[in-house]
Structures are given as C-alpha cells and as structure tokens.
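Below is one structure; the comments refer to it alone.
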Amino acid sequence: MVVAANGNDGIAVRDARGAWRRLGFSDEGFSADTAIPLRSPDIDLTTEYLVGLFAGLLALMAGLSAARRNRPQVSALSVTAYVLALIGFAVSVSYRSSLVAPLLILFALACALTAVVLTVAAAVRARVSVRAALTLAAIVACTSSSICWIFSGWVSGTPDDYSTAVLSAWLAGGAGVAASVMVGWTDGRNAPGGPAA
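When we follow the numbering used here, the leftmost residue of the sequence shown carries the number 3, and every step to the right adds one.
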C-alpha cells in the first residue's frame, strides 16, 4: 500500500492491486466522500467569472483614464463609474449561495454595465480615438475571457491546483490592465493638445 499527501485535497491511497483512491478531509479523519471530484460540472464558478468580468472592466477604465490624463478636470462620469465598479466588485466577491444570490449577481452585473456606459461616455467627451477604443475593447475581451478560461480549465484539471489558477488569473488581469494603460497612454500622447512625443 502507498499513501501520498495530496495537498489541500487530502491523501491518495494505492492498494495492493494498484488501484488509487482519493480521500478528502473530514471531521472523522479521511473519507472518500469528502474528496473533491476532479472533473465536476457542479462546481460553481460564478464568483470567478464575475471577477473576470470586473478585471476586464478595470482594464477598460484604466486605459481610458490614461487616454484622457491630459484633461485637468475630474469627470463626474468617470468617478461615478469607478464607484459603481467598486460596489459591483464587492458584491460579486462577497455574496453567498442563498435565495437572494441571483438578485445580488444581477445587481453586480447592473453596476458593471452602468460603469461601462459611463466610462465610454466619458471617453467620448474626452475625444478618445476610435482606434484606441477598439484596441481597448479587444484587450478587455481577451482579459475577461482568459480569466474565465483559466478557471474553466481548473475544473477540467488544468491547472490541477486552485492556487495556480488564481495566480494565473492575477497575471492575466495584470497583463490586461498594463496593456490597456499603455494603449491609453499612447493615445493621450498623440491626441491634440497632448505632450509632444
């Protein structure tokens, strides 16, 4: 018999015939019933998908803010968008499965949608170029979809560890925000009235 530590998943046990069993943690010790299924379609990734959505929203807002950095006045549209995005993100990561969970998710999505509309309106008023706006839209789509793809892959076993999936999602989100800021910064520099290159 072979017993192998299996991280947060518990232990893996191989019997004399060579068959492996996974045993998860329980109050009474190790149990096969508490082992998390490797490929379970029942794992709820709603929070992870919402985080991916708000990561894309952050990339959009950061890029458009960088594009309009030469305007000294504070945009009420942008401030409101940031506040709504913060509220929606807080709701999306703090809700628990309950009878009101669908309403909280809808509220978070409504905050995100309203923040997008206000951010785009502020960008139009600041005369952000169409090219920069389309590039930012592509970056936002790639950022959100990559984070969702990472966690969907974790459910299928790649990556096999949740902490690895979280780290990968952080890297994807950070790369998306950095790329958006770079695009916005370049657009702001090339905009009329911007600093000379």
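From the three backbone atoms N, C-alpha and C, an ideal C-beta is built for every residue, glycine too.
Through-space distance from residue j to residue i, alpha-carbon basis
i: ALA103; j: LEU86; result: 19 Å
i: THR137; j: ALA125; result: 14 Å
i: ALA143; j: GLY176; result: 14 Å
i: GLY65; j: ALA135; result: 9 Å
i: ALA110; j: LEU88; result: 10 Å
i: ALA199; j: VAL130; result: Summary for ALA199: the model assigns pLDDT 32, below 50, so the residue's position carries little reliability, and this model does not support an answer.
i: ALA57; j: GLY190; result: 22 Å
i: GLY186; j: ARG70; result: 8 Å
i: LEU55; j: TRP156; result: 18 Å
i: ARG16; j: PHE27; result: 17 Å
i: ILE149; j: MET63; result: 18 Å
i: SER154; j: LEU47; result: 8 Å
i: ILE13; j: GLU30; result: 14 Å
i: THR145; j: ARG23; result: 37 Å
9 Å Cβ cutoff, residue i in contact with chain D
i: SER33; result: Reference to chain D is not applicable here, since this structure consists of a single protein chain.
Reduced DSSP category for residue i - H, G, I as helix; E, B as strand; rest coil
i: SER77; result: coil
i: VAL85; result: helix
i: ALA199; result: In this prediction, ALA199 has a pLDDT of 32, which is less than 50 and means its spatial position is unreliable; nothing more can be read from the coordinates.
i: GLY211; result: Within the shown structure, residues of the chain are numbered from 3 to 199, placing residue 211 beyond reach of any answer.
i: LEU60; result: helix
i: ILE107; result: helix
i: SER28; result: strand
i: VAL5; result: strand
i: SER33; result: strand
i: VAL15; result: strand
i: SER96; result: helix
i: VAL102; result: coil
Selected residue, minimal CA-CA separation from residue i, among the options
i: ARG19; options: GLY190, GLY155, GLY26 and MET3; result: MET3
i: ILE152; options: TRP22, ALA139 and LEU169; result: LEU169
i: LEU108; options: ALA181, GLY178 and VAL93; result: VAL93
i: ILE141; options: TYR51, LEU106, MET184 and SER80; result: MET184
i: THR116; options: ALA139, THR49 and ALA83; result: ALA83
i: ALA114; options: ALA7, VAL132, TRP172 and LEU60; result: LEU60
Quiz item: What are the uninterrupted segments assigned as alpha helix (DSSP H) that are 4 or more residues long and contained completely in the segment 116–195, given in chain order?
Solution: With a minimum length of 4 residues, the continuous alpha helix (DSSP H) runs that stay inside the segment 116–195 are 132–158 and 164–192.
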